[in-house]
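J.: Handing you this structure, nothing more for now.
In our numbering, the protein residues as written are 2 to 565.
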């Protein structure tokens, strides 16, 4: 029974968390962070449908304004420095003061957007006209804004041919959210469709560029979230998704830019189109992403932008399941993992911020705390295992007696369990109980920005593997010691001996490329379990003292022959 449970646990772990190590799609990093490579220009995105049933044919372009580059307006707060370009009224730079770049060869705060960002660039589709507001030169209400004390609004106006646009961007001092309101004059009685730029992606900000680019994805929310990895896009082939969507976002491992269209009166996001460059190859890391929002005859629209870190509290405050942009767990069992991951993340952050403990110490305390909480349940489960061991001779006798009668065998086994008050599954709990917490902690360490770049002792980053492999070895040794102590007082058999060496070796190999914080927690958890295992082993030996060795067989004495 217990051997099957052990194999089941190994299989669950392989299915649950090994894909993060073994199913890695290679990502093609850019020539330098935030810049396009030669020949990597973004293609023109086809017009998105205003509704699932309506598809607009490619219209003719209306007259455009001058294409000379515009100036930028600096918006500064304690959290960020944003830069709005007067050409196209688009966000072209976002510096996040609280986070440092970890990309190789770079330093300073995180620069969220690539150099060629067209975030919030607008295009109006009005009948047969396509009006690219991204080419307009807008007139700003101010050359800079300081929002360190209270919200501030930047107004921009622009004209092009028969059209004019008035835009308002409202910035908050303590949030990465920007509220956008606007009106395009000259739309006409039939209304139109506004395309909002979201691409081409996010800058490279992490030490592991391959993993960061692998996490680059387009996420949409419509009765649940849907994730489309950039690496899954086909070069030069648009991927169109029909809404309505409450929000659409581009995320990397720790950061996100998103357009939030919650207000149905202002027009939710009708559709999303993502097109990878035709020169992107098999694993695109860039895409021209555009969102469509219907506008009425008055040309009015409103939505919001989020451009910042994936801090869980901030994402959850936005509402509408925006916190699900940062997934905990793989599809299929994400709901179960989130049930454990969200409180686990909260507890780790609370212990760090409220108790002033380093995250490495927090993981040590957390590992001990989990074992203390589970102590009574483990005690009960391990005693159930001892009861099973005590009736093993009777079980063997029944199995031999009724081996040709499966139905009678089952009846007698249940009768034996009832007479001796034995639960055949009771001994499985010590191994199964910590598993949900272990899975949850894996995803917390993989996805929570709060633990990004946190060091402990020789470990430079608890969210990444130990570069010198010390902590996985400590975890393997602690698992061996725990298993060894747990087998005291048991009759040795080949299966137990195999598990004594096999399980620690398998887990060490499996965990060697997992976050070092996970190895630290698991090692501490194993070490904290040894006293309980030792106490129960002594109890087991008292209940079942070893049988005294059998006396040696008597050797018949040889009589001496009497002389005749």
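The C-beta atom is built at its ideal place from N, Cα and C for all residues, glycine as well. All of these numbers come straight from a predicted model, not from anything done at the bench.
State buried or exposed for residue 191, treating a residue as buried only when at least 16 other CB atoms are found within 10 Å of its CB.
T.: So residue 191 ends up on the exposed side.
J.: Identify, in the order they occur along the chain, each residue of the same chain with its Cβ nearer than 7 Å to the Cβ of residue 473, setting aside the five sequence neighbours on each side.
T.: So the list reads 467, 509, 512, 513 and 520, once near-sequence residues are dropped.
J.: By DSSP, does residue 137 sit in helix, in strand, or in coil?
T.: Note: residue 137 maps to coil in three-state DSSP.
J.: Would you tell me roughly how many angstroms separate the C-alpha atoms of residue 409 and residue 397, rounded to the nearest one?
T.: Cα to Cα, the separation comes out at about 14 Å.
J.: Inspect the beta-carbon positions of residue 218 and residue 244 and report whether they are closer than 8 Å.
T.: Against a cut-off of 8 Å, the Cβ pair of residue 244 and residue 218 comes out as no contact.
J.: Mind checking residue 298: buried by the 16 CB within 10 Å criterion, or exposed?
T.: Residue 298 comes out exposed.
J.: On the three-state DSSP scale, how would you describe residue 367?
T.: Of the three classes helix, strand and coil, the one that applies to residue 367 here is helix, per DSSP.
J.: Smallest Cα separation from residue 287: which of 97, 180 and 203?
T.: Nearest option by C-alpha distance: 203.
J.: Is residue 139 closer than 8 Å to residue 152 when the C-beta atoms are compared?
T.: No. Outside cutoff.
J.: For residue 247 versus residue 103, is the C-beta spacing smaller than 8 Å?
T.: Not a contact, by the Cβ cut-off of 8 Å.
J.: Excluding sequence positions up to five away, which residues of its chain have a Cβ less than 6 Å from the Cβ of residue 154?
T.: Same-chain partners within the cutoff: 169 and 171.
J.: Shortest alpha-carbon distance to residue 321 belongs to which of 300, 261 and 337?
T.: Residue 261 is the option with its Cα nearest to residue 321.
J.: From the DSSP output, in three-state form, read off residue 152 for me.
T.: Looking at residue 152 - three-state DSSP - the assignment turns out to be coil, as it is neither helix nor strand.
J.: Checking 8 Å against the spacing of the C-beta atoms, do residue 127 and residue 193 come in under that value?
T.: The answer is yes: Cβ separation under 8 Å.
J.: Rank 527, 143, 177 and 167 by C-alpha distance to the C-alpha of residue 379 and give the top, closest one.
T.: Selected option, being the one with the closest Cα: 527.
J.: Where residue 461 and residue 455 are concerned, what is the direct C-alpha to C-alpha distance, given to the nearest angstrom?
T.: Answer to the nearest angstrom: the Cα atoms are 7 Å apart.
J.: Figure out for me which residue from 80, 109, 113 and 88 has the closest Cα to the Cα of residue 95.
T.: That would be 113, whose Cα lies nearest to the Cα of residue 95.
J.: Ignore the nearest five residues each way along the sequence and tell me which others in residue 259's own chain have a CB closer than 6 Å to its CB.
T.: The residues are 248, 250 and 307.
J.: Taking the C-alpha atoms as reference points, what is the distance between residue 143 and residue 238?
T.: The alpha-carbon atoms of residue 143 and residue 238 are separated by roughly 40 Å.
J.: Strictly by DSSP, which residues pair up with residue 531?
T.: Partner(s): none; residue 531 has no beta bridge.
J.: Looking only at C-alpha atoms, which of 395, 229 and 109 sits nearest to residue 100?
T.: Selected option, being the one with the closest Cα: 109.
J.: With a 10 Å radius around its C-beta and 16 neighbouring C-beta atoms as the bar for buried, classify residue 137 as buried or exposed.
T.: Answer is buried; the Cβ neighbour count reaches 16.
J.: Let me check understanding here. Comparing Cα to Cα, which of 189, 149 and 412 lies closest to residue 177?
T.: It is 149.
J.: Can you give me the start and stop residues for the beta strand (DSSP E) that residue 416 sits inside?
T.: Note, residue 416: premise wrong, no beta strand (DSSP E); alpha helix (DSSP H) at 407-420.
J.: Considering only residues of the same chain and omitting the five flanking positions on each side of residue 369, which have a CB-CB separation below 7 Å?
T.: Correct list, in chain order: 525 and 529.
J.: Run the CB neighbour count on residue 522, radius 10 Å, all protein chains shown included, and call it buried at 16 or more, exposed below.
T.: So residue 522 ends up on the buried side.
J.: If you follow the beta strand (DSSP E) that residue 437 is part of, which residue opens it and which one closes it?
T.: It is not in any beta strand (DSSP E) - residue 437 instead sits in the alpha helix (DSSP H) that spans 436-448.
J.: Are there 16 or more other CB atoms within 10 angstroms of the CB of residue 76, so buried, or fewer, so exposed?
T.: Classification of residue 76: buried, given that the 10 Å Cβ count is 16 or more.
J.: CB residue 280 to CB residue 236, shorter than 8 Å?
T.: Contact flag set, yes.
J.: Using only CA atoms, which one of 159, 106, 465 and 145 lies nearest to residue 88?
T.: Checking every option, the nearest Cα to that of residue 88 belongs to 159.
J.: What are the partner residues of residue 272, as DSSP defines its beta bridges?
T.: Partner(s): 243 and 293.
J.: Output yes or no for whether 8 Å exceeds the beta carbon distance between residue 166 and residue 195.
T.: Going by C-beta atoms, residue 166 is not nearer than 8 Å to residue 195.
J.: Mind checking residue 469: buried by the 16 CB within 10 Å criterion, or exposed?
T.: Residue 469 is exposed by the Cβ-count criterion.
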